[in-house]
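*Asks:* For reference, the structure I am asking about is given below.
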Amino acid sequence: MATVRRVLAGNPGPFTGPGTNTWLLGDEPAAVVIDPGPDDPAHLGAIERRLGSMAVGAVLVTHGHADHLEGAERLAARHHTRVLRHPELADGDLVHAGELTLQAIFTPGHAADHLCFWMAGDRVLFTGDLILGQGSTMIVHPEGSVGDYLRSLDRIAALEPRMLFPGHGDPVREAAARIEWCREHRLEREEQVLAAVRGEPGTAEELTGRVYVAELQANPALLRGAEATLLAHLAKLVEDGRVQLVGDRYEPAAD
180 MATVRRVLAG NPGPFTGPGT NTWLLGDEPA AVVIDPGPDD PAHLGAIERR LGSMAVGAVL
240 VTHGHADHLE GAERLAARHH TRVLRHPELA DGDLVHAGEL TLQAIFTPGH AADHLCFWMA
300 GDRVLFTGDL ILGQGSTMIV HPEGSVGDYL RSLDRIAALE PRMLFPGHGD PVREAAARIE
360 WCREHRLERE EQVLAAVRGE PGTAEELTGR VYVAELQANP ALLRGAEATL LAHLAKLVED
420 GRVQLVGDRY EPAAD
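Count along the sequence shown from 1, then add 179; that gives the number in my numbering.
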């Protein structure tokens with residue numbers, strides 16, 4: 180298996196967990212850097228120290244959220260290489276650097292431009308924010324899509340990876356079980372949202388307070404993300420014909 184090193188960004192928080200993972204792949208003559216993280220001199224310096232004398236053959240970005248993308252151009256400029264992300268990288272495109280080959284897998288859901296990176300020979304997948312090491316990822320309406328997210332999980336499950344390297348949290352060795360947990364969690368949340376609408380129609384704000392009771396009691400700072408994720412679930416339920424929007428209130432769809 181190719182050498183994989185992690186550099187953890189100093190940006191912990193309610194939406195980034197312990198911080199953003201920057202992954203360094205390979206050895207001499209050229210490494211690949213995935214998700215350079217925030218444009219923070221301390222973090223970029225830590226990346227450079229871990230690289231040592233290695234050249235950087237490619238800087239890859241899973242998606243355009245600031246905590247993954249901001250430092251990419253600065254790092255790429257230092258190493259006279261390019262930043263590769265969607266749409267420059269399309270589904271199935273191969274990236275070669277030194278002895279490494281990675282394949283871009285288009286996996287929208289968390290973000291509309293999301294890519295995972297697949298090393299077929301080692302059967303390892305760099306998942307960005309599609310799958311986290313712990314907990315569930317946010318799907319923020321309108322950029323995020325629950326339907327796309329579930330289809331992306333199906334896509335990576337079909338690859339049968341043996342190990343996942345997420346954008347936040349620790350590597351996952353039980354890959355199949357983790358993918359299935361993410362699917363079941365999202366479907367369970369969908370049923371909770373539907374039950375809340377059927378129990379008492381309401382606005383997105385009202386429904387968020389009923390669906391995310393435990394999470395918001397534990398951490399009120401999650402309110403903005405919880406409401407955006409709930410809106411993404413409601414959008415899917417409206418598309419599926421199970422819920423309707425009347426004014427600013429969500430109601431069960433008419434039979």
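Heads up, the beta-carbon is just placed ideally off N, CA and C, and yes, glycines get one too.
Report yes if the C-beta distance between T286 and L309 is below 8 Å; otherwise report no.
*Replies:* Start at 1 with the first residue of the sequence shown, and residue 286 comes out as number 107. Start at 1 with the first residue of the sequence shown, and residue 309 comes out as number 130. Closer than 8 Å, so yes.
*Asks:* Leaving aside the five residues before and after G236 along the sequence, list all residues of the same chain whose C-beta is less than 7 Å from its C-beta, in chain order.
*Replies:* Here residue 236 refers to the residue found at position 57 when the sequence shown is read from its first residue. Hits under 7 Å: A209, A210, V211, T260, A276 and G277.
*Asks:* Using alpha carbons as the reference points, say which of P215, R228, L254 and Q371 lies closest to G243.
*Replies:* Within the sequence shown, numbered from 1, the residue matching residue 243 stands at position 64. It is P215 whose Cα lies nearest to the Cα of G243.
*Asks:* Have a look at the DSSP bridge pairing and note the partners of Q317.
*Replies:* Translated into positions along the sequence shown, residue 317 becomes position 138. The sequence as given places Met at residue 317; Gln does not occur at that position. Paired residue(s): none; M317 is not in a bridge.
*Asks:* Please go through the same chain and pick out, in chain order, the residues whose beta-carbon is closer than 7 Å to the beta-carbon of P193, but skip the five residues on each side of it.
*Replies:* For the purposes of this step, residue 193 is taken as the residue at position 14 of the sequence shown. Counting only Cβ-Cβ distances below 7 Å, and skipping sequence neighbours, we find N398, A400 and L401.
*Asks:* Under the rule that 16 or more other beta-carbon atoms within 10 Å means buried, what is E406, buried or exposed?
*Replies:* For the purposes of this step, residue 406 is taken as residue 227 along the sequence shown, with counting starting at 1. Buried, by the Cβ-count rule.
*Asks:* Among all the DSSP beta bridges, which residues are the ones paired with Q371?
*Replies:* Position 192 of the sequence shown, counted from the start, is the residue given in the question as residue 371. According to DSSP, which records beta bridges pairwise, Q371 is partnered with nothing at all.
*Asks:* Less than 7 Å between C-beta atoms, sequence neighbours within five positions excluded: which residues of the same chain meet that for R253?
*Replies:* For this step, residue 253 is matched to residue 74 along the sequence shown. Once the five neighbours on either side are set aside, the close Cβ partners of R253 are D218 and L223.
*Asks:* Within the continuous beta strand (DSSP E) that includes V212, where are the two ends?
*Replies:* Along the sequence shown, read from residue 1 onward, the residue named residue 212 stands at position 33. That run of the beta strand (DSSP E) goes A209 to I213.
*Asks:* Please tell me whether, using a cut-off of 7 Å, the distance from the CB of N200 to the nearest non-hydrogen atom of the ligand COA is below it.
*Replies:* The ligand COA is not among the ligands present in this structure, which contains no ligands whatsoever.
*Asks:* In chain order, which beta strand (DSSP E) runs of at least 3 residues are fully inside the region 259-329?
*Replies:* Runs found: 273-276, 279-285, 294-298 and 303-307.
*Asks:* CB-CB under 6 Å to V186, same chain, minus the five flanking residues each way: which ones, in chain order?
*Replies:* Residue numbering aside, residue 186 sits at position 7 when the sequence shown is read from its first letter. Once the five neighbours on either side are set aside, the close Cβ partners of V186 are T201, A225, I226 and R229.
*Asks:* Compare the C-alpha of E233 against each of G205, A255 and A245 and name the closest.
*Replies:* Position 54 of the sequence shown, counted from the start, is the residue given in the question as residue 233. Note that residue 233 is Met in the sequence shown here, rather than Glu. When only C-alpha atoms are compared, the closest one is G205.
*Asks:* Where does P431 fall in DSSP's three states?
*Replies:* The sequence position of residue 431 within the sequence shown is 252, counting from 1. DSSP places P431 in strand when its eight states are reduced to three.
*Asks:* Quick test of the definition: if touching needs 3 or more C-beta pairs under 8 Å, does the region 328-344 touch the region 285-299?
*Replies:* Yes, since at least three Cβ pairs between the region 328-344 and the region 285-299 fall closer than 8 Å, the two stretches touch.
*Asks:* With respect to the beta strand (DSSP E) encompassing V425, which residues constitute its N-terminal and C-terminal limits?
*Replies:* The residue you call residue 425 lines up with position 246 of the sequence shown. V425 -> beta strand (DSSP E) spans V422 to V425.
*Asks:* What do you reckon, are the CB atoms on T199 and N190 nearer than 8 Å?
*Replies:* Here residue 199 is taken as the residue at index 20 of the sequence shown, counted from 1. Here residue 190 is taken as the residue at index 11 of the sequence shown, counted from 1. Yes. Within cutoff.
*Asks:* Would you identify the three-state DSSP class for R365, choosing helix, strand or coil?
*Replies:* For the purposes of this step, residue 365 is taken as the residue at position 186 of the sequence shown. If DSSP states are grouped into helix, strand and coil, R365 belongs with the helices.
*Asks:* Looking at C-alpha atoms only, which residue of T408, G381 and T382 is the closest neighbour of E394?
*Replies:* In the sequence shown, counting from the first residue as 1, residue 394 sits at position 215. Of T408, G381 and T382, the residue nearest in Cα terms is T408.
*Asks:* Tell me which same chain residues have a C-beta within less than 6 Å of the C-beta of T387, skipping the five on either side of it?
*Replies:* On the sequence shown, residue 387 is found 208 positions in, with the first residue counted as 1. Answer for T387: A405, E406 and L409, listed in chain order.
*Asks:* Between the region 364-372 and the region 342-351, do three or more beta carbon pairs fall short of 8 Å?
*Replies:* No: fewer than three Cβ pairs fall under 8 Å.
*Asks:* Let's test the definition: count the other Cβ atoms within 10 Å of the Cβ of E249 and tell me whether it reaches 16, buried, or not, exposed.
*Replies:* As a first step, residue 249 is located in the sequence shown; it is residue number 70 there, counting from the start. Buried.
*Asks:* Tell me which same chain residues have a C-beta within less than 8 Å of the C-beta of E369, skipping the five on either side of it?
*Replies:* The residue you call residue 369 lines up with position 190 of the sequence shown. The answer, listed in chain order, is V325, H412, K415 and L416.
*Asks:* Suppose you measure from the CA of E379 to the CA of D419; what does that come to, to the nearest Å?
*Replies:* Residue 379 sits at position 200 when you count from the first residue of the sequence shown. Residue 419 sits at position 240 when you count from the first residue of the sequence shown. Rounded to the nearest angstrom, the two C-alpha atoms are 19 Å apart.
*Asks:* Could you tell me the boundaries of the beta strand (DSSP E) in which T201 lies?
*Replies:* Within the sequence shown, the letter at position 22 stands for residue 201. Counting along the chain, the beta strand (DSSP E) containing T201 begins and ends at N200 to L204.
*Asks:* According to DSSP, is G381 helix, strand or coil?
*Replies:* Here residue 381 refers to the residue found at position 202 of the sequence shown. In the structure shown, G381 sits in a strand (DSSP, three-state: E or B).
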